[in-house]
Amino acid sequence: MNYISTRDKQVKTTAAGAISQGISVEGGLFVPDTFPTFDKADFLKLCEMDYIGRAKFVLSHFLNDFNDEEIDYCVKGAYTGSFDNEQPAPIALLGENANLLELWHGPTCAFKDLALQLLPYLLTTSAKKVSKGKKIVILVATSGDTGKAALEGFCDVPDTEIVVFYPSDGVSPMQKLQMASQKGENVHVCAIKGNFDDAQTGVKNIFTNNDVKNKLAENNMQFSSANSINWGRLAPQIVYYVSAYCDLLKREDDYLKDGFNIVVPTGNFGNILAAYYAKKMGVPVKKLICASNVNNVLTDFINTGKYDRNRSFFTTISPSMDILISSNLERMLFELSGEDDTAVAKMQKELSEKGTFTVSDDVKAKMSELFWGGCCDDESTLKTIGDLFSEYGYLCDTHTAVAMNVYKQYVEKTGDDIPTVIASTASPYKFAASVLDAVSDQRGESEFDTVRVLNEITKTEIPAPITALENATVRFNEICEKENMLNAVYSALNIE
Ligand SMILES: *Cc1c(COP(=O)(O)O)cnc(C)c1O
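Heads up, the numbering used here is the position in the sequence shown plus 194, with the first residue counted as 1.
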């Protein structure tokens, strides 16, 4: 297996090369040129293993230039001691068929931990192989959850520095506090005046700027990315869909007789892409259901074949999905177009120049076969949280509620009510004010008061990392213009 670029298939590298570079020189994203496939016997074997065993098995097929010892070191380091009850991805069953895959039991209470606890190990192991001695500089653009999860993952990891940019008014107070209070000698956090797409575009521009690259090299440094454009973020996400399948296989014999569907609350298209890859590898997924909030660029794209980011941008109560440029869609387009790098490069060029592109009829047909797209607004999101709580006593966060709402729409419209895995991507306590709004008329006086009220009313457990935040000290309160992101990077790294 080699890793090739979505914009130029001639660019080839190993897993370590793809992970340490993050993005290909011409701006394309790295993807494996072949995917492993697993058969029923493999899955039955995986059923007997714990999460660490499953992760080692799946990842060993992608990390082609890592030896067994290295994979063992990385996976055990990531998933031992960092998740509640050593269970990174438990399932909560509501009714007969709604399986909420809870991906928020890690240190920052959002699904990004599943990948970002592992990425620092993958990255430092990769860097030892391919860029001896260079310090790795992680640049992150975040809509809220990635930033904190990356800071937590890279905190004081030797030979790394991490710089995180977030939209000043685009994250929840809890997310802001989580980032601003981050500990560690190698961490830097900066708010920007702009939205997530501005942050992401700024980071991409810095990455692909050759002068900047040379300047870092002079200082014995090299950039890499902890955003989901990095293959090292996606591979760990495939694991939990495989793991969820194994958990469902353990139910009654014919539970999965028709396969199962997966619903993912989607922003950058990373999480749902991992679900697609799991399907490609042999997990019997029938439909991939892409759930968006009112920033519904993906819903329209799936329904029409036209991607159009020229529209109003809304800040919502599910901020991690407030995105109009879904970076990982590029990898999906590469798949759907039969690995046509020229076509992908052309679409991405149109997207960056005109903000829109349209896929061929053939690609559109394939897309409709695989995906179903739906969206919901803030009001329906809140109603869904309230309904789930009164019906099942189950409390979910705003992002998960978008997924649950779209799941219901899907079942109503299609009648397809087979077992379904719904990615539950954050703890409700991370978005406490909105969640409290949904279940009660009471209000908290402050963010933490809100957390306490929510806890009293719902009798659900407050995650320990949230409790610990209350007395945390704010270390970072810088806000910069989006044009000045590069200066902020240089000053964080102490280079002129
Ligand atoms: C990042 C995030 C999403 C969106 O995931 P993508 O991989 O970007 O599509 C959804 N929910 C939460 C809570 C997130 O943090």
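Where is the CB? At the ideal position from N, CA and C, for every residue including glycine.
These numbers were taken from a predicted model, which means no experiment stands behind them.
Where residue 464 falls, given that 16 or more other Cβ within 10 Å makes a residue buried
buried
When DSSP labels each residue in this structure, what does residue 317 get in the three-state scheme?
helix
Around the Cβ of residue 681, are there at least 16 other Cβ atoms within 10 angstroms (buried) or fewer (exposed)?
exposed
Taking the alpha helix (DSSP H) that residue 659 falls in, what are its first and last residues?
658-663
What I want to know is whether the C-beta of residue 459 ends up closer than 8 Å to one or more non-hydrogen atoms of ligand 1.
yes
Span of the alpha helix (DSSP H) around residue 367:
367-374
Rounded to whole angstroms, what is the Cα-Cα separation between residue 419 and residue 205?
18 Å
Residue 485 and residue 460 - do their beta-carbons sit closer together than 9 Å?
yes
Could you name each continuous alpha helix (DSSP H) segment of 4 residues or more that falls completely within the region 461-531, going from the start of the chain to the end?
464-474, 491-498, 523-530
Residue 618, buried or exposed, once every other Cβ within 10 Å from all chains shown has been counted against 16
buried
Please list, in chain order, all residues of the same chain as residue 452 whose beta carbon is under 6 Å from its beta carbon, the five residues on each side excluded.
612
Does the beta-carbon of residue 257 have 16 or more other beta-carbons within 10 angstroms, so that it is buried, or is it exposed?
buried
Considering just the uninterrupted stretch of the alpha helix (DSSP H) at residue 425, what are its terminal residues?
425-443
Taking the beta carbon of residue 370 as the centre, do at least 16 other beta carbons fall within 10 Å, making it buried, or is it exposed?
buried
Is it right to say residue 514 is buried, meaning 16 or more other beta carbons lie within 10 angstroms of its own, or is it exposed?
buried
Is the number of C-beta pairs between the region 298-309 and the region 388-395 that are closer than 8 Å three or more?
no
Opposing strand residues paired with residue 415 [DSSP bridges]
329
Within 10 angstroms of the Cβ of residue 628, are there 16 or more other Cβ atoms? Answer buried if so, exposed if not.
buried
Measure the alpha-carbon distance for residue 401 versus residue 565 and round it to whole angstroms.
32 Å
Hey, how far is the Cα of residue 520 from the Cα of residue 640?
34 Å
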